[in-house]
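**Student:** So the protein lines, in turn, are chains A and B. Numbered according to this note's numbering, the first sequence spans residues 1 to 349. Numbered according to this note's numbering, the second sequence spans residues 1001 to 1349. Cβ coordinates follow ideal geometry from the N, Cα and C atoms, glycine included.
There are 2 protein chains.
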Amino acid sequence: MRYVMVQIPNKPASTMPPAPRPVPTSADVARLAGVSRATVSYVLNNTSAVRISEPTRRRVREAARELGYVPHAAARTLRAGHSRMVLMPTLPVPAGPLYSRFVHDFQGAMSRLDYTVVQYGASGVGGDEAARAWAELRPVAVLVPGTGIGPEGVAILKRSGARAVVTLGPEAVEGAHAMLLDQADVGRGAAGHLHARGRRRIGVVVPEEPGMELFSAPRLAGAREALRGADATVTELPLAYTEEAADALAARWRGLGLDAVFGYNDEYAMLLLRALRDAGLRVPEDVAVIGADDLLLGRLLRPRLSTVRITLPLGRELASLVDRAVRNPAAAPESHALFSVAVVHRDSS
Amino acid sequence: MRYVMVQIPNKPASTMPPAPRPVPTSADVARLAGVSRATVSYVLNNTSAVRISEPTRRRVREAARELGYVPHAAARTLRAGHSRMVLMPTLPVPAGPLYSRFVHDFQGAMSRLDYTVVQYGASGVGGDEAARAWAELRPVAVLVPGTGIGPEGVAILKRSGARAVVTLGPEAVEGAHAMLLDQADVGRGAAGHLHARGRRRIGVVVPEEPGMELFSAPRLAGAREALRGADATVTELPLAYTEEAADALAARWRGLGLDAVFGYNDEYAMLLLRALRDAGLRVPEDVAVIGADDLLLGRLLRPRLSTVRITLPLGRELASLVDRAVRNPAAAPESHALFSVAVVHRDSS
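#1: Counting only Cβ pairs nearer than 9 Å, list the residues of chain B close to residue 120 of chain A.
#2: So if DSSP puts residue 119 of chain A in a beta bridge, which residue, or which two residues, is it bridged to?
#3: Residue 1097 of chain B: which of B/1332, B/1328, B/1310 sits nearest, CA to CA?
#4: For the ligand NAD, is there any heavy atom lying closer than 6 Å to the beta carbon of residue 1175 of chain B?
#5: Can you tell me the Cα-Cα spacing of residue 1148 of chain B and residue 336 of chain A, whole angstroms?
#6: Which residues does DSSP pair with residue 235 of chain A in a beta bridge?
#7: Is it true that the CB of residue 269 of chain A sits closer than 7 Å to the CB of residue 291 of chain A?
#8: For residue 1036 of chain B, count neighbouring Cβ atoms within 10 angstroms of its own Cβ and tell me buried if that reaches 16, exposed if not.
#9: Mapping DSSP to helix, strand and coil, what is residue 143 of chain A?
#10: Would you say residue 107 of chain A and residue 117 of chain A are within 7 Å of each other, going by their C-beta atoms?
#11: By DSSP, does residue 1195 of chain B sit in helix, in strand, or in coil?
#12: Do you know how far the Cα of residue 1060 of chain B is from the Cα of residue 1028 of chain B?
#13: Please look up how many angstroms separate the CB atoms of residue 1343 of chain B and residue 1193 of chain B, rounded, as I've assumed it's under 8 Å.
#14: Using a Cβ-Cβ distance under 7 Å, would residue 16 of chain A count as near chain B?
#15: Give, in chain order, every unbroken run of the beta strand (DSSP E) that is at least 3 residues long and sits entirely within the segment 1304-1336 of chain B.
#16: Could you say if the segment 1234-1245 of chain B and the segment 1291-1309 of chain B meet the contact criterion of at least three C-beta pairs nearer than 8 Å?
#17: Closest Cβ-Cβ distance between residue 274 of chain A and chain B: below 7 Å?
#18: Listed in chain order, which residues of the segment 147-179 of chain A have Cβ atoms closer than 7 Å to some Cβ of chain C?
#19: Name the residues in the segment 194-220 of chain A whose C-beta lies less than 7 Å from a C-beta of chain B; which are they?
#20: For the beta strand (DSSP E) that contains residue 52 of chain A, what are its first and last residues?
#21: Spatial neighbours of residue 1175 of chain B within its chain, please: CB distance less than 8 Å, with the 5 preceding and 5 following residues excluded, ordered by chain position.
#22: Pick out whichever of B/1227, B/1320, B/1257, B/1348 has its Cα sitting closest to the Cα of residue 1284 of chain B.
#23: How is the alpha helix (DSSP H) around residue 39 of chain A delimited, first residue to last?
#24: Since residue 1260 of chain B is in the beta strand (DSSP E), which residue starts that stretch and which ends it?
#25: Measuring CB to CB, does residue 1201 of chain B end up less than 7 Å from residue 1259 of chain B?
#26: Does the CB of residue 277 of chain A have a neighbour CB from chain B at under 7 Å?
#27: Given that a residue counts as buried once 16 or more other Cβ atoms are within 10 Å of its Cβ, and exposed if not, what is residue 1236 of chain B?
#28: Who are the near neighbours of residue 1184 of chain B in its chain, counting only those whose CB is closer than 8 Å to its CB and skipping five residues on each side?
#29: Counting along the chain, where does the alpha helix (DSSP H) carrying residue 157 of chain A start and finish?
#30: Assign residue 1231 of chain B to one of two classes, buried (16 or more other C-beta atoms within 10 Å of its C-beta) or exposed (fewer than that).
#31: Between the Cα of residue 137 of chain A and the Cα atoms of A/101, A/105, A/89, which residue gives the shortest distance?
#32: Helix, strand or coil: how does DSSP classify residue 1162 of chain B here?
#33: Cutting at 6 Å between CB atoms, please list the residues of its own chain near residue 246 of chain A, excluding the five before and the five after it.
#34: So which residues on chain B does residue 135 of chain A lean against when the C-beta distance must stay under 7 Å?
#35: Among the candidates A/111, A/94, A/102, A/190, whose CA atom is the shortest distance from the CA of residue 122 of chain A?
#36: How would you write the range of the alpha helix (DSSP H) that residue 1271 of chain B sits in, first residue to last?
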């Protein structure tokens, strides 16, 4: 192994900063354009209810440009009572490929409907405390992944002017629209498949990285549930996402007496599969392996990785639900089960 | 291949929504608690400058809770003139694993410094237009990845009250702090390595997915630049991230007469490597392959994938720069080259 370091030289700081100037206000724009503040507001917010001549509109726009005046979204929201902002709290873990793609698509779809999606950084607070922090931004809609909100949180958001709250979780929450999405289904599907393939001593990988329990706990619970009453055992296998950890688990594999493993997702499954084979175990003869997410990379592996394919709601379907809910805030909450899981049987199980 | 569909039944919508209530204001809280609006504001914003008795504070808090009153971040910002919000525009493509991890770490580090990171959805606008949209949220600091801002955009943000603008791109922008990070270095490193390994006819994968040119164009340019004047050719290889596209490219590989390929990143490199081997080509004997990102999965591959390791700035280093800049907005812009690339030579090249 060889490392070639390419170092980029430090560039000097370019120039001194300009002397701080006061932030221009709409009053400054009004003064420069020789109009009232109300006129500035009408022009810059494109209000059509008031007749203002084109030359005046032009003068206001030019004055705003000259001063570098930008309307304040906050002030605008205060006046209008609602924004076009859709707030989404971020997950407590780095987004995986499936979720990144989903957020990207949802954002694009909302943007085409003239909303802006804002992902709010998890600040370590949860429950109603979190709902209160989101409410401070006065979003017109909130999309909450996971189990991060209860009925009181929904009520807090609605009282603060949110017209729609949509949850992406295992159960509907009172007052909110629900996209039902239960991680336990993934574990159920994987364990059910391994059992159907004749395996009886089944390991379930549980990532050790902090925050992952949001997904791993229900996946493990789903696997246990699927095998309850069946002639099979479920063994929890904590695993960090490193080659060393996978090698260590593979080294003590024969002592565990397992004949199958659900790898949590494709990435952990690929990591463990490689370590098991390096330790002399045959896949699937000695150990059947299944992942989840149906990543392209799992299909490239030999043996091809079996997986649980997870279909998240389409960005544009979810966007249209949010838009409908915003335009009709009094409508009864909708509950959709667009999330589905399907076992894809390949060569590793 | 076998698919087992696990379908989740639709649950009925739980209850009718509560009748819409007016959004409670601080005046409502003041009325219920029997105090002035100023007192409500002092208590709920934890102002210590004013002496207010503990029983009064408790009365205000209880009234706020009873009414479900949440202070309005916008109103607070209007009063205070600045927020604790750090805005980051999202990338125009789904975040890859490296970037997801970086955002997650940065967010955690800012959160420990009592800021909230908000990722602003790309809305299809760019340049000063985008800066104006971000400015409307009145962030205290803005972190711009890529080349999405110029000196005028920086000025717009500063005039709107942003105390710090930090860019994560190839060049410093006037008025902004810079974390220098040039994607061309990745291409330079990869092409330089392949040339040093004796390869002369080098293909460079360019992903066909929309938005990827933000990264792929400078990587290709860097590869070309590294080989300028050398006895080597660079061939652009458009490739979609599908097995079919990779197989099609592999099928016409011999006609291209290439002896090496820089796969854009590890994921495209792994996809192409598999297709090349399935088409009967030997790696690295017939074709040397190198990726970028140093994903764990590339290390698991046989032959082990050579790669360009990219080190992004640490979340906490960047967070401390942002915090320093916010607290001292008049300081001269800093320029840091924390981003570095290192070629990791394994078995595929």
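**Tutor:** Quick look at the numbers:
#1: Neighbours of residue 120 of chain A in chain B, taken as residues at a C-beta separation under 9 Å, are given in chain order as 1116, 1117, 1118, 1119.
#2: Per the DSSP secondary-structure output, residue 119 of chain A pairs in a beta bridge with A/88, B/1119.
#3: It is B/1310.
#4: Within the structure as shown, the ligand NAD is missing, as the structure has no ligands at all.
#5: Approximately 38 Å between the Cα atoms of the pair.
#6: For residue 235 of chain A, which the question treats as bridged, DSSP gives the partners A/203.
#7: Yes; because the gap between Cβ atoms is below 7 Å, this pair is in contact.
#8: Exposed, since its Cβ has fewer than 16 Cβ neighbours within 10 Å.
#9: Residue 143 of chain A: strand per DSSP, three-state reduction.
#10: Going by C-beta atoms, residue 107 of chain A is nearer than 7 Å to residue 117 of chain A.
#11: Taken through DSSP and simplified to helix, strand or coil, residue 1195 of chain B comes out as helix.
#12: Those two C-alpha atoms are separated by around 11 Å.
#13: Indeed, because the Cβ distance is near 4 Å, the residues count as touching under 8 Å.
#14: Summary for residue 16 of chain A: the model assigns pLDDT 37, below 50, so the residue's position carries little reliability; its value from the coordinates is reported in the next sentence. Yes, residue 16 of chain A lies at the interface with chain B (some Cβ there is under 7 Å from its Cβ).
#15: Correct list: 1307-1311.
#16: The segment 1234-1245 of chain B vs the segment 1291-1309 of chain B: no contact.
#17: Output row for residue 274 of chain A: interface = yes.
#18: Judged by its chain identifiers, the structure shown contains no chain C, and its protein chains are A and B.
#19: Within the segment 194-220 of chain A, no residue qualifies.
#20: Unbroken run through residue 52 of chain A: none, as it is neither H nor E.
#21: These residues qualify, in order along the chain: 1151, 1154, 1155, 1158, 1165, 1333.
#22: Taking only the C-alpha atoms, the option nearest residue 1284 of chain B is B/1348.
#23: Run containing residue 39 of chain A: 37-44, per the alpha helix (DSSP H) assignment.
#24: That run of the beta strand (DSSP E) goes 1260-1262.
#25: Cβ distance < 7 Å, so residue 1201 of chain B and residue 1259 of chain B count as in contact.
#26: Taking 7 Å as the CB threshold, residue 277 of chain A stays off the interface with chain B.
#27: Classification for residue 1236 of chain B: exposed.
#28: Counting only Cβ-Cβ distances below 8 Å, and skipping sequence neighbours, we find 1170, 1218, 1219, 1221, 1222, 1225.
#29: Note, residue 157 of chain A: alpha helix (DSSP H), 151-159.
#30: Classification for residue 1231 of chain B: exposed.
#31: Comparing Cα positions, the closest option is A/89.
#32: Three-state DSSP puts residue 1162 of chain B in coil, outside helix and strand.
#33: Excluding residues within five positions, the ones whose Cβ falls inside 6 Å are 271, 272, 275.
#34: Those are 1070, listed as they occur along chain B.
#35: Among A/111, A/94, A/102, A/190, the Cα nearest to that of residue 122 of chain A belongs to A/94.
#36: That run of the alpha helix (DSSP H) goes 1266-1278.
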